[in-house]
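Residue numbers (this note's numbering): 1 to 578. What follows is a single structure, written as structure tokens, with notes after it.
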Amino acid sequence: MSNADLVRIFERIADLMEIDGADRFRINSYRRVARTIKDTPTDVAEMARNGDVTDLQGVGKGTAERIRQFVDTGHIDVLVQLEAKFPPGLPALLDIPGMGPKKVGLVHRELGVTGLEDLKKVAASGKLAELSGMGVASVKKISEGIAFLESSGGRTPLGIALPIAEMFADRVRALPGVDRVEIAGSLRRGAETIGDVDLLCASGEGAAIVRQFTEFDGVRRVLAAGDTKGSVTIELADRRELQIDLRVVETDAFGAAWQYFTGSKEHNVRLRERAVRRKWRLNEYGLYHEKRRIAGESESDIYKKLELSFVPPELREDRGEFDRPSDAADLVTLKDIRGDLHMHTVASDGKCTIEAMACAAKERGYKFIAICDHSKSSTIANGLTIERMKKHIRAIRKVDEAIEGIAILVGCECDILSDGSMDYPDDLLAQCDWVVGSIHSAMGKGGSGKLSPTERTIAAMEHRYVCAIGHPTGRLINRRAPMDLDMQTIVKTAKRTGTMLEINASWRRLDLKDLHVRLALDAGVVLTINTDAHHTDQFAQMRYGIMTARRGGATVKDVANCLTLASLRKRIAKKRDS
Ligand code: DGT
Ligand code: CA
Ligand code: CA
Ligand code: ZN
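As structure tokens, then:
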């Protein structure tokens, strides 16, 4: 049982209590415990087993007992009682943007709503809008929230699916009789969300491998178990299920199978057409000329035989990869990244100090980082007032001098305000080496004399001190739709003003996304890929940004993080002095 499990349990108790209309003080105490456990670096279940968890902030005797009970028995009485009180489909309504616990409680009490289908009905019939405290605007927001949730189709974010897939791949790899295990499907292509995980295994003992796969720890349901294919589900932290498919093939056909099951379907259709034109056949077992197999052991054999250069998995989407083969070889890789230019520290809403971030970055082999804490208007993110920022700048300079082997740039993530101006005055921005401009507020359309998000972004790009636009569309995958932006105009302005656009590598964002990356590159814009890390752990998210960049066709020369520090500084100076 991980800390994440405990966090989920306590958040669920708090959610259900809130739906129940319980006392605010008690609800908050559960939330506080969840937050404490989330921030605790050591294993809380282990602590509970060994004695005392009351040392943790916000954990009193009662809570300690509940943790203890959960560790010992796998359940907590309060939660069992709460879950008995409400229909099982009700908490899922909390996932709908616009539906807080109060509203969920309200629709359950007043309209007898038990789940999503009911909610859709009462929204459509107008009953929802008649509830006191609802109104037309909230119903509109909820309906949009439902549509958004449904259009995301329950797909799992890349950053959730990949670590799980890697863990399962490792387990299969450790089984006797296994030659090789690889990830295939949309996950290998680095898609931002994943329908299901596809694993491919080379072995002569399919039935035994599949059986052991279906018996792995954490498997919730077994959907299929045959001689060559097994399919299971596991439960994710948000209680949704994720399907994992395992296929077992012979070693000498591994390349063909890997190619086939990596997809995409559209890419494979094109390849098959190419084979057919040569009077060949291509399937998951190989490339055939009549009965004779002419390729199949490796993927690259197949592409070579079809007179194509190897197509990196991220580009296999039938988005022009066959006509644009030249850039494939120099797509950016994790190894090319020399630094991370957007991260937060305890000065605003991060969890680690400047020193800790710098040391972890150095450990990763980075040559430079930029500390970019929030500016003053981001009050919920503990943004720095001008005075605090001045002190922070001195603190960063001091750490930079103290730590050898990595350059620590003074940066900030400066809010782009609703009138398009920057949240800090020019003389303060001038003291920064690197400024990321981001929109965090008033993300709606603008109108009635107000600037639109596009206009605000353009205004920021015109600003000489703004080096890059952070998470340009503001979307949160499966949670919040992107702002309504005129991306063509934005990339053109980025090019004209010499402003970089960020690929925010956090799997919650991946913003810019692949298609926008392509658009930016076609306009000649320089990109910057940054983790927006709020903890040293999150530096590892860089790989998701890299995958997204590669899907958009970004090469080493397109990405500022691949520059030497001297060249990066020159680039920044060029915009400032123009
Ligand atoms: P997903 O899971 O929705 O994120 O997307 P994929 O691309 O992983 O799709 P999935 O899991 O259905 O299948 C994995 C790959 O296997 C897919 O990209 C291509 C190949 N594949 C699976 N079924 C078929 C099929 O019926 N026809 C063809 N041509 N290819 C298939
Ligand atoms: Ca899949
Ligand atoms: Ca699949
Ligand atoms: Zn931000």
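Ideal Cβ positions, reconstructed from N, Cα and C, are used throughout, including at glycine.
Query                                                                                                                                                                                  : Result
Tell me which residue opens and which closes the beta strand (DSSP E) that MET542 is part of.                                                                                          : Premise fails: MET542 lies in the alpha helix (DSSP H), 542-551, not in any beta strand (DSSP E).
Below 8 angstroms, how does it come out for the region 210-223 and the region 136-150: are there three or more Cβ pairs, yes or no?                                                    : no
Can you name the start and end residues of the beta strand (DSSP E) that ILE76 belongs to?                                                                                             : Premise fails: ILE76 is in no beta strand (DSSP E) and is neither H nor E.
In three-state DSSP terms, what is ASP532?                                                                                                                                             : coil
Verify whether the separation of the beta carbon atoms of LEU175 and GLN212 is less than 8 angstroms.                                                                                  : yes
Mind checking VAL436: buried by the 16 CB within 10 Å criterion, or exposed?                                                                                                           : buried
Return the first residue and the last residue of the beta strand (DSSP E) that TYR288 is part of.                                                                                      : 286-289
Just to confirm before moving on: does the CB-CB distance between GLY474 and ILE439 stay below 8 angstroms?                                                                            : yes
Hey, PHE148 and LEU200: beta-carbon distance below 8 angstroms or not?                                                                                                                 : no
List the whole-angstrom C-beta distance separating THR531 from GLY545, where the pair is believed to meet the contact cut-off of C-beta under 8 angstroms.                             : 7 angstroms
If ASP511 and HIS471 are in contact, beta carbons under 8 angstroms, what's the gap, nearest whole angstrom?                                                                           : 4 angstroms
Quick check on this structure: which residue in ASN382, ASP340, GLY365, ALA295 has the alpha carbon closest to the alpha carbon of GLN647?                                             : Since the first and last residues shown for the chain are 1 and 578, residue 647 lies out of range.
Taking only runs that begin and end inside the region 489-523, name each unbroken alpha helix (DSSP H) of 4 or more residues, in chain order.                                          : 514-522
So what's ILE183 in DSSP terms, helix, strand or just coil?                                                                                                                            : strand
Does the region 284-300 touch the region 522-539, meaning 3 or more C-beta pairs lie closer than 8 angstroms?                                                                          : no
Nearest-angstrom Cα distance between GLY587 and ALA165?                                                                                                                                : Given a span of 1 to 578 for the chain in the structure shown, any question on residue 587 remains unanswerable.
How about ALA381 and ASP349: do their beta carbons lie closer than 8 angstroms?                                                                                                        : yes
How far does the alpha helix (DSSP H) with ARG293 in it extend, from its first residue to its last?                                                                                    : Here ARG293 belongs to no alpha helix (DSSP H); instead the beta strand (DSSP E) covers 292-295.
Below 8 angstroms between beta carbons: does that hold for LEU519 and ALA554?                                                                                                          : no
Could you tell me if MET167 is buried or exposed, where buried requires 16 or more neighbouring beta carbons within 10 angstroms of its beta carbon?                                   : exposed
With which residues is HIS374 paired in a DSSP beta bridge?                                                                                                                            : GLU413
When you compare only the Cα positions, how much space is there between ASN504 and ALA560?                                                                                             : 13 angstroms
Am I right that ILE406 and ALA361 are in contact with their C-beta atoms under 8 angstroms? What's the rounded C-beta distance?                                                        : 6 angstroms
Give me, in chain order, the residues of the same chain whose beta-carbon lies closer than 6 angstroms to that of LYS229; leave out the 5 immediate sequence neighbours on both sides. : ARG247
With a threshold of 7 angstroms, establish whether the CB of GLU307 neighbours any heavy atom of ligand 6.                                                                             : Ligands present in the displayed structure are limited to ligand 1, ligand 2, ligand 3 and ligand 4, and ligand 6 is not among them.
How long is the line joining the alpha carbons of ARG543 and ALA22, rounded to whole angstroms?                                                                                        : 43 angstroms
Note down the Cα distance separating ARG49 from VAL71, rounded to an integer number of angstroms.                                                                                      : 7 angstroms
Could you check the C-alpha separation between GLY339 and ILE369 for me, to the nearest Å?                                                                                             : 5 angstroms
Which residues does DSSP list as the beta-bridge partners of PRO157?                                                                                                                   : THR193
Do HIS534 and ligand 4 come close, with the Cβ less than 7 angstroms from some heavy atom?                                                                                             : no
For VAL197, which residues from the same chain have a beta carbon less than 8 angstroms from its beta carbon, with the 5 sequence-adjacent residues on both sides left out?            : ALA161, ILE164, ALA165, PHE168, ILE183, GLY185, LEU187, LEU242, GLN243, ILE244, ASP245
Does DSSP put CYS201 in a helix, a strand or coil?                                                                                                                                     : strand
Measuring alpha carbon to alpha carbon, tell me which of LEU82, LEU119, VAL399, ARG274 ends up nearest LEU95.                                                                          : Per the sequence presented here, residue 95 reads as Asp, with Leu not at that position. Comparing Cα-Cα distances from ASP95 to each of LEU82, LEU119, VAL399, ARG274, the minimum goes to LEU119.
Could you check what DSSP says for PHE368 in three-state terms: helix, strand or coil?                                                                                                 : strand
Based on the DSSP output, what are the partners of THR233 in its beta bridges?                                                                                                         : ARG221, GLN243
In terms of DSSP beta bridges, what is TRP280 paired with?                                                                                                                             : In the DSSP output, where bridge partners are listed per residue, TRP280 has none listed.
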